[in-house]
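From first to last, the protein sequence lines are chains X and V. Take 3 as the starting number for the first sequence in the numbering used here and just add one per residue. Take 0 as the starting number for the second sequence in the numbering used here and just add one per residue. All C-beta atoms in this analysis are idealised placements derived from N, C-alpha and C, irrespective of residue type, glycine included. Inspection log for the structure reproduced underneath, given as structure tokens.
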Amino acid sequence: MDNSICQVYEDEIQSLEEEIKLLTEKYEESQQESTFFSDEEILMSIKSLQREFQGEFKGHEFPSDLKAQLESLEKDLSFLMKFTGIQFTSHSKKTVEKTRNRTVQKHRLSGNCHSLSFQLEFQLLEMQDKESVSAVITDLSIIMESGENSDVSKFVSSTEEYGNLLTFFRSLSSYAEWCEHRRCTFLHFK
Amino acid sequence: GVFAHLEMLEARAHEAAVKQEEMEQQEEKLARLRARVEELRLQRDELRAKVDLQEKGQLGKEGVVSKPAQPSARAVLEWKIKSIKAMLEVFYLTGISGKLTKQGVCFCISTAYEGTYLDSYYLDLLTKPEVQIYRHSVPVFIPLQQIAKKYLQTDIRRFLSVLYDHLNAYVGRRYQAEQLQEHFSDQIEGTVQRNSLCNLLVFNYNVSCKSRTFPFNVRLLYGDLCCSLPTEVVISCTPNAPASLAETAAAHSDLFRRVALHRVFGFFSSAEGSVD
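Right, here's the structure in full:
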């Protein structure tokens, strides 16, 4: 009889630990999304950390590690935006569902590709099965600046219907490059 | 006599002592577990309260940015790092993402069929003395060297774009064939035969006409490697099949050319000749 009581306690401990993990993630995500620090504040923090550790811990990894990590990530992001022509101006995400095998996040993303600007909302469903993780886009909603153009609106609605986020970006990228190329060609002939 | 009796009493006492110890251990264990449960419950309740406060705060002042009181420099940088990492993850969804390396750049090409993201492929490029492919995970049946020869030196973006078209179309064809096999296995005789590049698919399915069933053999050729719809469809039936089935075959052939493979069977209507 005692064993079953033990089991009850152990089950509750496991469920509490899971609940705590989920709540912690929810709290941290919410904190992250509702916070904003300007570039100035970032620079000030870098300087402040460097000052803090300069005298005391020469060659200590911590602050230079954070600074190096930040710089490396910023370089990667800046390279990608320049290379693909896709600039993201804002991004927010919120986890709306999370279980052991399934996570659903709602994303809001806006940006532009060369001169074409867009605003997107979509849900990203990630599922973990035996060996792999799958990612599926649902509820895709796209707003484009030149939305009155019938070709653009046709393209947008068929993309939305099938959740074709990837096709959207690839087509946007090609179309924007083509526009750029055309613009440069015209300039050349002026 | 006496000794045997003494031994018996000793044994009984020993047993009783062991049982007593077991009971004490059990009680200790229960007490520990109970304490742990209390501790976790407290932690959980505190967290719940914090999260509720967050939600109330956000509901009350929509769009107002909040800052934790006196954030440490470290916390600020960690926030920024998380924020950039999230942005880089989003780039994965756009099809072309990557990371700068000491010798050049490592690109990641992601593929998807409609809203489902499928395989991703890596291309580790060196940029000096000229652009070259150092390592990659592109399958051998994709004409990577051909595409590289044509575009890599002159226009990297074009190179990646063309490579992406090949990879995405291949993955799309494979996905359609897999979905067909998975969802219509009862209507297909045997399995869907395909080559590695998934640009040649062959399978059989039954069509009924006047309460008899006839096997149709379908051969799909995807002549355009950057396309996930077939360029050529050949449907053949057995020689003893009635002439009316020729019309059905033509109608089905047209569907295979226009509709994604795993959706075609959904379009077969009973008027033309039902599929079993």
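Look at the stretch 13-26 of chain X: the residues with a C-beta under 7 Å from a C-beta of chain V are GLU14, ILE15, LEU18, GLU19, GLU21, ILE22, LEU25 and THR26.
Residue contact with chain V for X/GLY113: absent (no Cβ-Cβ distance below 7 Å to any residue of chain V).
Distance from the Cα of V/VAL130 is smallest, within the candidate group V/ASP44, V/GLY171, V/ARG11 and V/TYR150, for V/TYR150. The count of Cβ pairs closer than 8 Å, one atom from the stretch 28-36 of chain X and one from the stretch 89-104 of chain X, reaches three, so the stretches are in contact. For X/SER175, the three-state secondary structure derived from DSSP is helix. For V/ILE187, the closest Cβ of chain X is not nearer than 7 Å.
Within chain V, no C-beta atom comes nearer than 7 Å to that of X/ILE145; the closest sits roughly 17 Å away. Listed in chain order, the non-local C-beta contacts of X/GLU179 below 8 Å within the same chain comprise GLY87 and HIS116, local neighbours out to five positions each way being set aside. Counting C-beta pairs with one atom in each stretch, the stretch 92-100 of chain V and the stretch 68-81 of chain V have fewer than three that are closer than 8 Å, which means they do not touch. In this structure X/ARG53 is exposed. Its beta-carbon is surrounded by fewer than 16 other beta-carbon atoms within 10 angstroms. Using beta-carbon distances, V/GLY171 does not count as an interface residue toward chain X, since no partner is under 7 Å.
A contact between stretches requires three or more CB pairs, one per stretch, nearer than 8 Å, and the stretch 239-249 of chain V fails this requirement with the stretch 219-226 of chain V. Taking the beta carbon of X/VAL138 as reference, the chain V residues within 8 Å of it are GLY114, THR115 and TYR116, listed in sequence order. By the beta-carbon neighbour count (other beta carbons within 10 angstroms, threshold 16), V/VAL191 is buried. Identification of residues in the stretch 200-211 of chain V having a C-beta nearer than 9 Å to some C-beta of chain X yields an empty set. Remark: three or more beta-carbon pairs, one from each stretch, lie closer than 8 Å, so the stretch 101-112 of chain V and the stretch 124-140 of chain V are flagged as touching. For V/ALA259, there is no enclosing beta strand (DSSP E), since its DSSP letter is neither H nor E.
Chain-order list of chain X residues neighbouring V/ARG47: LEU25, by C-beta distance under 8 Å. By the Cβ neighbour-count rule, V/LEU5 is exposed, with fewer than 16 other Cβ atoms within 10 Å of its own.
In the displayed model, V/GLY114 falls within coil according to three-state DSSP, outside both helix and strand. Counting other Cβ atoms within 10 Å of its Cβ, V/GLY265 stays below 16 and is therefore classed as exposed. When Cβ-Cβ separations below 7 Å define contact, X/THR105 makes no contact with chain V. Shortest Cα-Cα distance from V/SER71 to any of X/GLU162, X/ASN114, X/GLU43 and X/LEU82 involves X/GLU43.
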